[in-house]
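Trainee: Would you mind keeping the following structure in view while I ask a few things?
Residue numbers (our numbering): 106 to 380.
Take a look at the structure:
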């Protein structure tokens, strides 16, 4: 469908699956942009020690929101150029191209997500800062080696499966260290945090252990199976909403609950805090 010279994919023009893939990308962009505004406007609606966490959520959301604007625009342009239902090979090439934008996003947003998790249980002393430093180093290592693996392509654009899987295995070392670092934080700092902060940290860390696994699964599947890449694009979009918007909501609920327990919600002091 053409609207003021702009192509908008429909089932008739691009097929149901491709159209729904674009829909999820645009919806994810809207989720992230809404999260940016909400996080910034409610940064004082939480206990003071969690204000910075709200600002970090806004930063994560705006970076990811811009990334998804570029992703959906590329995919829309790709569907227009395909001039019909994309073939498996075309979808495969688009997935690899969009991966470039995703890695750029993750390079910024995943370290900020780790900082949020450490701050949730106040792991900000010297020992906690050192552990956070190495967790961020491991995160950058994981992303960099995964990106190198993603570039293991033959001249014709096909994936070099062996080198890709080797680099993927190397990347996993960084992921495992992140899981270990979060476990150490849980052992050493969670007992000193408030119960609601412990629950929030457990939920946030759970996204790393589980939902971050969606991305390497796609990394492997695109190389060793004939899966339609659109399914992976949809899975990545859903995972990004949960990892970034969902974690931000966890921080907000924990911080606002602590503020409500600390201040009488009917008092002028509370009105000034959330005003």
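Backbone N, C-alpha and C define an ideal beta-carbon position, used for all residues, glycine too.
Just so we're clear, the structure is a prediction, and the values are computed from it rather than from any experiment.
Rounded to a whole number of angstroms, what is the C-alpha to C-alpha distance between residue 308 and residue 342?
Mentor: Those two C-alpha atoms are separated by around 20 Å.
Trainee: Taking the straight line between their C-alpha atoms, what separation do you get for residue 56 and residue 202?
Mentor: The question about residue 56 has no answer, for the chain in this structure spans 106 to 380.
Trainee: Looking at the secondary structure, which residues open and close the alpha helix (DSSP H) in which residue 268 lies?
Mentor: First-last of the alpha helix (DSSP H) with residue 268: 266–294.
Trainee: So what's residue 258 in DSSP terms, helix, strand or just coil?
Mentor: Of the three classes helix, strand and coil, the one that applies to residue 258 here is strand, per DSSP.
Trainee: Alpha carbon to alpha carbon, how far is residue 252 from residue 264? Give it in angstroms, no decimals.
Mentor: C-alpha separation (whole angstroms): 13 Å.
Trainee: Given that a residue counts as buried once 16 or more other Cβ atoms are within 10 Å of its Cβ, and exposed if not, what is residue 114?
Mentor: Looking at its Cβ environment, which holds 16 or more other Cβ atoms inside 10 Å, residue 114 is buried.
Trainee: Between which two residues does the alpha helix (DSSP H) carrying residue 307 extend?
Mentor: Element bounds for residue 307: 300–314.
Trainee: Between which two residues does the alpha helix (DSSP H) containing residue 216 stretch?
Mentor: It spans 193–225 - the alpha helix (DSSP H) in which residue 216 sits, taken as one unbroken run.
Trainee: Are at least three pairs of beta-carbons, each pair with one atom in the segment 154–161 and one in the segment 120–132, less than 8 Å apart?
Mentor: No, they do not touch.
Trainee: So, is residue 266 buried or exposed, given that buried needs 16 or more other C-beta atoms within 10 angstroms?
Mentor: Answer is exposed; the Cβ neighbour count stays below 16.
Trainee: Mind checking which residues open and close the alpha helix (DSSP H) that includes residue 348?
Mentor: Segment: none, residue 348 is in no alpha helix (DSSP H) and carries neither H nor E.
Trainee: Taking C-alpha atoms, which residue in 247, 290 and 118 lies nearest to residue 318?
Mentor: For the residues 247, 290 and 118, the minimum Cα distance to residue 318 belongs to 247.
Trainee: Just checking, does the segment 130–150 make contact with the segment 349–361 on the three C-beta pairs under 8 Å criterion?
Mentor: At 8 Å Cβ cutoff, the stretches touch.
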